[in-house]
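Asker:
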Amino acid sequence: MSKSKAIGTRAETALRNYLLSTGYSELEAHRNVLTGSDDEGDVWLRDPSRGLIVFEVKGGKAAKDASHEQMKKWYQEAERERQNAGASYGFLVTQRAGVGYPRAGEWWAYATFGDLSRLARSTVLPSDVFVRVTVAELVGMIRG
Numbered sequence: 774m775s776k777s778k779a780i781g782t783r784a785e786t787a788l789r790n791y792l793l794s795t796g797y798s799e800l801e802a803h804r805n806v807l808t809g810s811d812d813e814g815d816v817w818l819r820d821p822s823r824g825l826i827v828f829e830v831k832g833g834k835a836a837k838d839a840s841h842e843q844m845k846k847w848y849q850e851a852e853r854e855r856q857n858a859g860a861s862y863g864f865l866v867t868q869r870a871g872v873g874y875p876r877a878g879e880w881w882a883y884a885t886f887g888d889l890s891r892l893a894r895s896t897v898l899p900s901d902v903f904v905r906v907t908v909a910e911l912v913g914m915i916r917g
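Encoded structure:
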């Protein structure tokens with residue numbers, strides 16, 4: 774196995790293990806197998822009320838040092854994988870600098886406000902939810 778595949782496998786396993794630690798069963802949270810050009814995400818979560826959720830997972834130095842533009846490309850990859858899988862949601866998860874595999878719950882998760890609004894069932898989002906957006910995106914939302 775190549776070094777990059779090993780890093781990916783380790784990051785995907787860390788996310789799956791975190792999902793298991795939150796109460797999901799092994800049937801609900803699992804690592805997905807590679808399917809070539811029609812990839813369907815790295816980790817699947819079958820939530821009883823939300824349906825299938827697909828995670829694109831990036832770990833190691835590449836994830837820790839990635840630029841904003843790289844994150845956007847990876848998020849687009851997660852969205853394609855969501856569509857390929859016919860999932861309700863697709864999210865990007867990246868390892869944070871200084872946060873190892875046992876603490877995957879503290880890694881970054883990237884989502885759109887649309888997806889977050891749907892998760893909140895069109896109610897006000899909890900005030901402690903932390904989402905990464907650029908200043909330009911924020912100003913665009915403020916201006917309408």
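Counted the way my numbering counts, the sequence shown spans residues 774 to 917. Cβ coordinates follow ideal geometry from the N, Cα and C atoms, glycine included. All figures in this text were calculated on a predicted structure; none of them were measured in a lab.
(1) For the candidate residues Arg905, Gly913, Val912 and Met914, whose alpha-carbon lies nearest to that of Ser840?
(2) In this structure, does DSSP put Gly878 in helix, strand or coil?
(3) Does the Cβ-Cβ distance between Val816 and Leu788 come in under 8 Å?
(4) Check Tyr883 in the structure and name its three-state DSSP category.
(5) Looking only at its chain, what residues have a beta carbon closer than 7 Å to the beta carbon of Glu813, apart from the 5 residues adjacent to it on each side?
Answerer: With the structure as the only source:
(1) Arg905
(2) helix
(3) yes
(4) strand
(5) These residues qualify, in order along the chain: Asn805, Val827, Glu854, Asn857 and Ala858.
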